[in-house]
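The sequence shown maps to residues 1 to 209 in full-length UniProt numbering.
Here a beta-carbon is modelled for each residue, glycine too, at the ideal position from N, C-alpha and C.
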Amino acid sequence: MAGEENRVVLHGNLASLHSARVKLALKVKGIEYEFVEEDLMNKSEALLWYNPVYKKVPVLVHNGKPIIESIVIIEYIDETWKEGPRLLPQDPYERAKVRFWTGFIQQPLYEATASVIKTDGEAQERAVEKVHEKLKVLEEGIEGKYPGGFPFINGDNMGLLDIVVFLILGHLEVLEAVLGVKFLDSEKYPSVTSWVKALKEFPVVKEAL
Numbered sequence: 001m002a003g004e005e006n007r008v009v010l011h012g013n014l015a016s017l018h019s020a021r022v023k024l025a026l027k028v029k030g031i032e033y034e035f036v037e038e039d040l041m042n043k044s045e046a047l048l049w050y051n052p053v054y055k056k057v058p059v060l061v062h063n064g065k066p067i068i069e070s071i072v073i074i075e076y077i078d079e080t081w082k083e084g085p086r087l088l089p090q091d092p093y094e095r096a097k098v099r100f101w102t103g104f105i106q107q108p109l110y111e112a113t114a115s116v117i118k119t120d121g122e123a124q125e126r127a128v129e130k131v132h133e134k135l136k137v138l139e140e141g142i143e144g145k146y147p148g149g150f151p152f153i154n155g156d157n158m159g160l161l162d163i164v165v166f167l168i169l170g171h172l173e174v175l176e177a178v179l180g181v182k183f184l185d186s187e188k189y190p191s192v193t194s195w196v197k198a199l200k201e202f203p204v205v206k207e208a209l
């Protein structure tokens, strides 16, 4: 068992997309950790102490020191535990590209999908169009630009961008079933669709599901 100085504790919530990102990153790296389920309607004193600014999950506590914000946490994990599979490329340019597309997916694209859920009627139709606009941008951005068509780190290990893609785009099927619309169209977005499908076959993803 790791000593107290190496103790890793994740304060999160099972329904939190951002907590799920960190859990998957820890799984990929093979890091043992303690999970503390937080009631977001009755936040613990520990959570408020560790994250007094945003007062939200996830918070990773390593050696008694808190790290907040899921993407920041994942980068911290990658920089701290170098012996495991890398979550970001070592090459500065490739790493910059991963950070750019991660930002695109979790902001413009995710916000567009959130708008679909929050609206109805004509407003929802416009929101659906925006999702397709963002998916087209992503398709054109990754098509033919990565070995095998996917940004897997080292070709066979999930990285930061893969984790974000899976936990946002991988759940679009639920939205498709509820709304009766098609987002992940293999004819319109062959690279994106194949990417999501491949991610679902990863052993760590199957375990997480």
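Less than 8 Å between the CB atoms is what I'm expecting for residue i and residue j, so what's the real figure, rounded?
i   : j    : result
Y93 : I168 : Incorrect: roughly 24 Å between the Cβ atoms, too far for contact.
I73 : L60  : 5 Å
I68 : N51  : 5 Å
Taking 6 Å as the limit between beta carbons, can you name the residues of its chain near residue i, skipping five residues before and five after?
i    : result
Y33  : V8, L10 and L26
S186 : T193
S16  : V57
S191 : E139, I142, E143 and G149
Y189 : L135 and E139
F35  : L10
Whose C-beta lies closer than 8 Å to the C-beta of residue i among residues of the same chain, with five residues either side of it excluded?
i   : result
S70 : H18, S19, R21, V22 and P58
K29 : I77, D78, W81, G84, P85 and L87
E38 : H11, G12, N13, S44, L47 and V57
Keeping to the same chain, check which residues put their C-beta closer than 7 Å to that of residue i; ignore five residues upstream and five downstream.
i    : result
V128 : V116 and V181
F152 : M158, G159 and D162
A2   : Any reading at A2 needs caution, since the residue's pLDDT is 44, under 50, leaving its predicted position unreliable; the model's value is listed next. E32, listed in sequence order.
F202 : M158
Is the separation between the beta-carbon of residue i and that of residue j shorter than 8 Å?
i    : j    : result
K136 : A112 : no
V204 : L24  : yes
G170 : K200 : yes
Check whether the stretch 89-107 and the stretch 49-69 are in contact - that is, three or more C-beta pairs closer than 8 Å.
no
So, do the stretch 44-55 and the stretch 195-202 have three or more beta carbon pairs nearer to each other than 8 Å?
no
Would the stretch 93-105 count as touching the stretch 156-168 if we require 3 or more Cβ pairs under 8 Å?
yes
Which runs of the beta strand (DSSP E) spanning at least 3 residues fall entirely within the stretch 56-90, listed in chain order?
59-62 and 65-68
Run through the stretch 164-196 for me and flag every whole alpha helix (DSSP H) of 4 or more residues, listed as ranges in chain order.
172-179
I'd like the ranges of any beta strand (DSSP E) spanning at least 3 consecutive residues and lying wholly in the stretch 15-62.
34-37 and 59-62
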